[in-house]
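This report concerns only the one structure given below.
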Amino acid sequence: GDSVTQMEGPVTLSEEAFLTINCTYTATGYPSLFWYVQYPGEGLQLLLKATKADDKGSNKGFEATYRKETTSFHLEKGSVQVSDSAVYFCALSVSGKLIFGQGTTLQVKP
Amino acid sequence: GAVVSQHPSWVICKSGTSVKIECRSLDFQATTMFWYRQFPKQSLMLMATSNEGSKATYEQGVEKDKFLINHASLTLSTLTVTSAHPEDSSFYICSAKGLAGEDTQYFGPGTRLTVL
Chain A
1320 GDSVTQMEGP
1330 VTLSEEAFLT
1340 INCTYTATGY
1350 PSLFWYVQYP
1360 GEGLQLLLKA
1370 TKADDKGSNK
1380 GFEATYRKET
1390 TSFHLEKGSV
1400 QVSDSAVYFC
1410 ALSVSGKLIF
1420 GQGTTLQVKP
Chain B
7 GAVVSQHPSW
17 VICKSGTSVK
27 IECRSLDFQA
37 TTMFWYRQFP
47 KQSLMLMATS
57 NEGSKATYEQ
67 GVEKDKFLIN
77 HASLTLSTLT
87 VTSAHPEDSS
97 FYICSAKGLA
107 GEDTQYFGPG
117 TRLTVL
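Protein chains in written order, with the numbering used here: chain A, 1320 to 1429; chain B, 7 to 122.
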């Protein structure tokens, strides 16, 4: 069945470090792909999305490219800040529903 | 734009009572709303999908008589946890989709339910 796999966390980085959170997916057809972010005690916020192969989603310095050949949608940021500390969820949309990865906790230390 | 609110943000109730959680789309009409449950440090589990004016579609393993969902208007969906028990304690999150054919779901801030 359709699924999303994210790298396990927590990921701990120093401020201004480069961030990569890996996400791979299994799906029939051509799903849309998403990254959502969840700050402590809050709901999910859409961070970025891509709807077809080779699309690049970007927002707030974060980027992810829809790679059909490797079925991946890795999240990257060139220089993280303490305020980026949160849980990041990769997700795909199939038949109108979202399927989430297990989430990756990012901790950024000053 | 695309703001979804939930009320209450947290609730504590006694075992055996019922609790209603509201989900509203504030600046768009939500053709479809979703209800999720999230356990601590875990991912979101889809409970049900509701379309305005029709019965909700529940995911396998979710008790429809326990988790009553009503989507009476294009901006409001409610989840009622009936006869709540401590194992129902969780973080409940709703989301909403607007335009037909759009994939993006917009999430509410969540409701923390604690059943004593």
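In this text, a Cβ means the ideal position worked out from N, Cα and C, and glycines have one as well.
These figures come from a predicted structure and were not determined experimentally.
Buried or exposed for residue i, going by 16 or more other Cβ atoms inside 10 Å?
| i | result |
| --- | --- |
| F45(B) | exposed |
| I18(B) | exposed |
| H77(B) | buried |
| D1373(A) | exposed |
| V9(B) | exposed |
| W16(B) | exposed |
| F1337(A) | exposed |
| K1368(A) | buried |
| Q35(B) | exposed |
| K1379(A) | exposed |
| S79(B) | exposed |
| Y1349(A) | exposed |
Quick one: what does DSSP say residue i is sitting in, helix, strand or coil?
| i | result |
| --- | --- |
| S21(B) | coil |
| S11(B) | strand |
| V1406(A) | strand |
| V87(B) | strand |
| V68(B) | coil |
| V1401(A) | helix |
| E28(B) | strand |
| E1395(A) | strand |
| F1412(A) | Correcting the residue type first, residue 1412(A) is Ser in the shown sequence and not Phe. In the structure shown, S1412(A) sits in a strand (DSSP, three-state: E or B). |
| Q1325(A) | strand |
| Q44(B) | strand |
| M117(B) | For the sequence presented, residue 117(B) should be read as Thr rather than Met. In the structure shown, T117(B) sits in a strand (DSSP, three-state: E or B). |
| S60(B) | coil |
| L122(B) | coil |
| A102(B) | strand |
| T1339(A) | strand |
| T1347(A) | coil |
| T38(B) | strand |
Output the boundary residues of the beta strand (DSSP E) element that contains residue i.
| i | result |
| --- | --- |
| S56(B) | L50 to N57 |
| E1382(A) | F1381 to T1384 |
| T1424(A) | T1423 to K1428 |
| H77(B) | F73 to S79 |
| K1450(A) | It is not possible to answer for residue 1450(A), since the shown part of chain A is limited to 1320 through 1429. |
| S95(B) | Looking at the DSSP string, S95(B) is not in any beta strand (DSSP E), and its letter there is neither H nor E. |
| A1369(A) | L1363 to A1369 |
| G1376(A) | K1375 to N1378 |
| L1352(A) | S1351 to Q1357 |
| F34(B) | Unbroken run through F34(B): none, as it is neither H nor E. |
| T1331(A) | V1330 to S1333 |
Out of the options, which one is the CA nearest neighbour of residue i?
| i | options | result |
| --- | --- | --- |
| I27(B) | V68(B), S96(B) and A8(B) | S96(B) |
| T23(B) | D94(B), E108(B) and S101(B) | D94(B) |
| I1340(A) | L1417(A), P1329(A), Y1358(A) and D1321(A) | P1329(A) |
| Q1364(A) | T120(B), L122(B) and A102(B) | A102(B) |
| L1425(A) | G1362(A), L1394(A) and F1353(A) | L1394(A) |
| S11(B) | R43(B), M53(B), G114(B) and T38(B) | G114(B) |
| V1399(A) | F1419(A), K1428(A) and S1377(A) | K1428(A) |
What does residue i reach in chain C if we use C-beta pairs closer than 9 Å?
| i | result |
| --- | --- |
| G1348(A) | Given the protein chain composition of this structure (A and B), no chain C is represented. |
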